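For reference, the structure discussed in these notes is given below.
Residue numbers (the working numbering): -12 to 264.
Dropping the structure here:
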């Protein structure tokens, strides 16, 4: 199993300034001994970008789609196209999630600067899109791909994880559950991982998200490191890069008392097993 695999790589082009383009980011991962990673962009599908980065570096770089307004929101057509082209991860809305819009946390990514703001929600907050969401879960299950929670709210996350299980989805990622959105407690996160989900802890939570290493270590301990993945969520211009961010998080968690082997598995074995076909 690989030592490092980053499921949350932001690079340019993007809806905000980034520190590296796709190829530079992938080459940085290769130089650091990574097996690969997942390109995530809030504003567009990344499958073609991932194919190019893989071809240039020999790494296992995967793409996906975030269900924000530019792809039609919670849109089964966008998901089916993504998966048909080889995408591995489908994220529920992020910058255009109702929970994100109403959280008071102004996200720095802007996908459609002159258009009216969109705000998508799942049950139990909003039932109108349930049919589309369930169709998406069927598509993800058929492709044996990953459904990730994005920036939907806590109640929506609970609904999605339960529905994913009902539809036969084997791979579920709770997107930074301890961050402002969705703001899940460790105990609630553990309940959801017991249904088969993995919980993501990002370097951004440590470097600029206001979470101490001790807080993150306690969160991981309660959830169980075997159901956690570490990622960078890095790539903002002027901030630590993907490799530097994840290395800082791993070092801090080890210093906070987590077993070094468990930390290594959360950065490599667990995320790779979650995403790789």
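By construction, the Cβ of each residue, glycine as well, lies at the ideal position given by its N, Cα and C atoms.
These numbers were taken from a predicted model, which means no experiment stands behind them.
In three-state DSSP terms, what is residue 187?
strand
Just tell me which of -3, 2, 178 has its CA closest to the CA of residue 11.
-3
Segments of 4+ residues assigned as alpha helix (DSSP H) that fall wholly inside the region 106 to 161:
117 to 130, 141 to 153
Along the chain, where does the beta strand (DSSP E) that runs through residue 206 open and close?
Looking at the DSSP string, residue 206 is not in any beta strand (DSSP E); the run it does join, the alpha helix (DSSP H), is 200 to 210.
On the three-pair Cβ rule with 8 Å, is the region 34 to 45 touching the region 84 to 98?
no
Leaving out five residues on either side along the sequence, give the residues of the same chain with a beta carbon under 6 Å from the beta carbon of residue 156.
124, 127, 128, 134
Checking the sheet assignment: what are the DSSP bridge partners for residue -8?
23
Would you kindly work out how many angstroms separate the C-alpha atoms of residue 112 and residue 106, rounded to a whole number?
12 Å
Can you tell me whether DSSP reads residue 51 as helix, strand or coil?
strand
Residue 8, DSSP secondary structure in three states
strand
Report all residues from its chain with a CB closer than 6 Å to the CB of residue 53; omit the five preceding and five following residues, and keep chain order.
29, 78, 81
Between the region 247 to 259 and the region -11 to 9, do three or more beta carbon pairs fall short of 8 Å?
yes
Tell me the residue span of the beta strand (DSSP E) that contains residue 215.
215 to 218
Check whether the region 212 to 224 and the region 171 to 189 are in contact - that is, three or more C-beta pairs closer than 8 Å.
yes
Three-state secondary structure (DSSP) of residue 77
strand
Identify which residue in 50, 14, 27 has its Cα closest to the Cα of residue 264.
50
Chain-order list of residues whose beta-carbon lies under 7 Å from that of residue 57 (same chain, five-residue window excluded)
30, 31, 98, 99
What do you reckon, are the CB atoms on residue 210 and residue 176 nearer than 8 Å?
yes
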